[in-house]
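Here the structure is laid out as structure tokens; the discussion comes afterwards.
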Amino acid sequence: MPGVESPLPAADSSALGAGPSATAAESPAPAVESTPPAVEPRTRVVGSPAPAVESITPAVESTTPAVESTTPAVDSPDLAAPNNPAAPVHQTAPATPIGPPPGLPWGFIAFFAGFGGYYLISLVITGTVAAVAVSPDSVSSSLRGPIVFLALLPNLFLGLGPAVLSWWRGFGPRIDFGIRFTREDLSVGFSCGIAALAIGLVINYVLQTFVFRTKQPNVAQELGDLSGGRSVWLAVALLFVVFVAPLTEEMLVRGALWGALEHYRVPRLMILPLTALVFAFLHQEPTLTLALFCQGLALGTARMRTGRIGASMIAHATNNVVPAVVLWVASKP
């Protein structure tokens, strides 16, 4: 700008003098007029960084969406994992189910395996015992222990068949049959066990008093006679009746058989009497069949209410413990 103002005073002073000087003074005018275009490029040079600055601004703003776009990528694994069925947590869940499946497609095979093994071993043991002694009184004291063990052995095969099939084809007995002992199992099982015991006592008393009119022997009394009175073998037998028999019989009847019927969509109100009937005939005590059937209904109610045999095992053991204690007390020392 100072270079633009300096020619103007020189032009004014020559205009007051001679004409030739004025002509000479007028010649720089084009030079004066030519200088503004030279200034204008300089102005454009100074102003040119503005677009460059503005061009940087979108570049800075463009990084903002990139930062925001990474936010879902960081948060998505944590947020989607609990609700995503393909997440590793949900893929491992079926490997450790917390309850029994709705049905057992191999249940009938397991039931007949346990039932057949029980009868096969029973036939072998019956023939062996018959070859050694005819009656419990003729058994020598040295043979009472092995004979008591042989009398209890077939019961183990009732649960062995279902257990093997469950390990082979299912998730194991604990999951397939629901062998759990929660607070619900304890309360429901104890209540149903008391009900089964009361039902059995009433029905047996009525039958023995008004129908048979004589006291009928049962397996527990025969087991006490075979043990030779109150002895260590009788204690072993009674512990077996209270703790082992409920496990094996419940795995067979209300575990494998119940699960097989559920698999074929048999209503539970039909499964309950069917399993109770099988439970009654399984004991092979004709005079106690009616009582055993009604007791089986009570035990099956525990299974039906909880969906597990843990409750029916508690009910079964509760039903057996009182007769076992009575038999121990009534036995001769």
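Per my numbering, the sequence shown runs over residues 20 to 352. Cβ atoms here follow ideal geometry from the backbone N, Cα and C, with glycine treated the same way.
Leaving out five residues before and five after residue i in sequence, what residues of the same chain have Cβ atoms less than 6 Å from its Cβ?
i	result
Thr337	Phe209, Gly212
Thr320	Cys211
Val340	Val261
Gly136	Phe176, Gly180
Phe259	Leu171
Lys351	Gly248
Arg188	Trp125
Leu301	none
Report the residue from the options whose alpha carbon sits nearest the alpha carbon of residue i.
i	options	result
Phe231	Pro305, Ala330, Ala299	Pro305
Gly326	Ala264, Glu203, Phe134	Glu203
Leu291	Ser331, Leu258, Leu205	Ser331
Gln303	Ala349, Val238, Gly315, Val207	Val238
Pro192	Ser161, Thr267, Ile140	Thr267
Ile144	Pro165, Trp187, Arg284	Pro165
Gly274	Ser141, Ser159, Ser160, Ile194	Ile194
Excluding the five sequence neighbours on either side, which residues of its own chain have a C-beta within less than 8 Å of the C-beta of residue i, listed in chain order?
i	result
Arg163	Leu245, Ser246, Gly247, Ser250, Trp252
Val348	none
Leu142	none
Ser160	Gly247
I'd like to check one pair, residue j with residue i: are the Cβ atoms closer than 8 Å?
i	j	result
Val272	Val167	no
Phe127	Ala279	yes
Ala317	Ile198	no
Gly329	Phe200	yes
Ala343	Leu257	yes
Met270	Phe196	yes
Ala215	Gln314	yes
If you count every other CB in all the chains shown that lies within 10 Å of the CB of residue i, and 16 or more means buried, which is it?
i	result
Val345	exposed
Tyr138	exposed
Pro286	exposed
Glu241	exposed
Ser185	buried
Met323	buried
Gly146	exposed
Val207	buried
Excluding the 5 residues flanking residue i on each side, which residues of the same chain have their C-beta closer than 7 Å to its C-beta?
i	result
Leu276	Gly126, Phe130, Thr294, Val297
Lys234	Gln227
His282	Gly122, Leu123, Pro124, Gly126
Ile140	Leu172, Pro173, Phe176
Leu205	Ile333
Leu288	none
Gly243	Leu253, Leu346, Ser350
Arg284	none
Would you please verify whether the beta carbon of residue i is less than 8 Å from any beta carbon of chain B?
i	result
Leu316	Absent here is chain B; the protein component of the structure consists of one chain.
How about the region 220-231 and the region 299-312: do they share at least three Cβ pairs that are nearer than 8 Å?
At 8 Å Cβ cutoff, the stretches touch.
Evaluate the contact criterion for the region 260-271 versus the region 167-184: three or more CB pairs, one atom per stretch, below 8 Å.
Touching, yes, given that three or more Cβ pairs across the two stretches are closer than 8 Å.
Give a yes or no on contact between the region 175-189 and the region 128-143, applying the rule of three or more CB pairs nearer than 8 Å.
Counting Cβ pairs under 8 Å, three or more are found: they touch.
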